[in-house]
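Counting along the sequence shown from 1, when you hit position 57 you're at 84 in this note's numbering, and nothing is skipped either side.
Positions of the beta carbon are idealized from the N, C-alpha and C atoms, including for glycine.
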Amino acid sequence: MFIENQPKEQQSHYERLLKAVGSLSKLFSEAPEPYIAYRAAENLFCKAFKAENLSRSDASADASKDNIGFGIKTFLHKNGKSFEKIAEFNSDHALFQSLGPEET
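Rendered as structure tokens:
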């Protein structure tokens with residue numbers, strides 16, 4: 028996994044950034060779960076791991092580092108269940124159709 032292979036300092040920085048932003052969510056939400064806006068999540072990832080921020084470009088990835096594209100998604104996980112769409116690449120289907128599971 029990408030994060031596990033990053034320097035410990037960057038991993039810790041990312042965790043601290045997420046906790047800080049999540050702790051601010053009580054200012055604008057009554058929900059018990061912390062809320063992190065998707066743009067904030069994208070920016071925190073790029074800042075912590077020194078990745079290129081693609082979120083404002085017309086690309087299916089939100090960030091890029093070491094020739095790896097990342098789709099950064101936020102969602103709530105309640106009661107051990109979450110059914111969230113992570114990404115859909117209909118227009119690029121032909122590019123991925125021939126790949127095996129270990130390559131996708």
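Run through the DSSP bridge pairs and tell me what Asn70 is partnered with.
To locate residue 70, count along the sequence shown from 1; it is residue 43. Note: Asn70 sits in no beta bridge, so no partner.
- Message: For Asp89 and Glu60, I'd like the C-alpha separation in whole angstroms.
- Response: Locating residue 89 in the sequence shown gives position 62, counting from the first residue. Locating residue 60 in the sequence shown gives position 33, counting from the first residue. Roughly 24 Å between the two C-alpha positions.
**Message:** If I measure Cβ to Cβ from Leu81 and keep anything under 7 Å in the same chain, skipping five residues before and after, which residues do I get?
**Reply:** Here the question's residue 81 lines up with position 54 in the sequence shown. Within the same chain, Leu81 has close Cβ partners Ala88, Asp89, Ala90 and Ser91.
(message) So Leu68 and Phe97 are supposed to be a Cβ contact under 8 Å. How far apart are they, rounded?
(response) As a first step, residue 68 is located in the sequence shown; it is residue number 41 there, counting from the start. As a first step, residue 97 is located in the sequence shown; it is residue number 70 there, counting from the start. Here residue 68 is Ala; the residue named in the question, Leu, does not match the sequence. In fact, because the Cβ distance is near 11 Å, the residues do not count as touching under 8 Å.
Would a C-beta distance cut-off of 8 Å place Ser52 and Tyr62 closer than the cut-off? Counting from 1 along the sequence shown, the entry for residue 52 is found at position 25. Counting from 1 along the sequence shown, the entry for residue 62 is found at position 35. Yes, the pair counts as a contact, with Cβ atoms nearer than the cut-off.
Please report how far the alpha carbon of Asn94 lies from the alpha carbon of Phe55, in whole angstroms.
Locating residue 94 in the sequence shown gives position 67, where the first residue counts as 1. Locating residue 55 in the sequence shown gives position 28, where the first residue counts as 1. Near 37 Å, if we compare the C-alpha coordinates of Phe55 and Asn94.
Item to complete: Answer with buried or exposed for Ile30, where buried requires no fewer than 16 other C-beta atoms within 10 angstroms of its C-beta.
Response: Position 3 of the sequence shown, counting from 1, holds the residue named residue 30. Per the 10 Å Cβ criterion, exposed.
| How many angstroms separate the CA atom of Gln33 from the CA atom of Phe76? | Indexing the sequence shown from 1 puts residue 33 at position 6. Indexing the sequence shown from 1 puts residue 76 at position 49. Going from the Cα of Gln33 to the Cα of Phe76 covers about 8 Å.
Shorter than 7 Å, the distance from the beta carbon of Ser84 to the closest heavy atom of the ligand GDP, or not? With respect to the ligand GDP, the structure offers nothing, as it holds no ligand at all.
**Report entry** Cβ shell of Leu44 (< 8 Å), same chain only, five flanking positions each side left out
**Finding:** Reading the sequence shown from its first residue, position 17 is the one you call residue 44. So the list reads Leu71, Lys74 and Ala75, once near-sequence residues are dropped.
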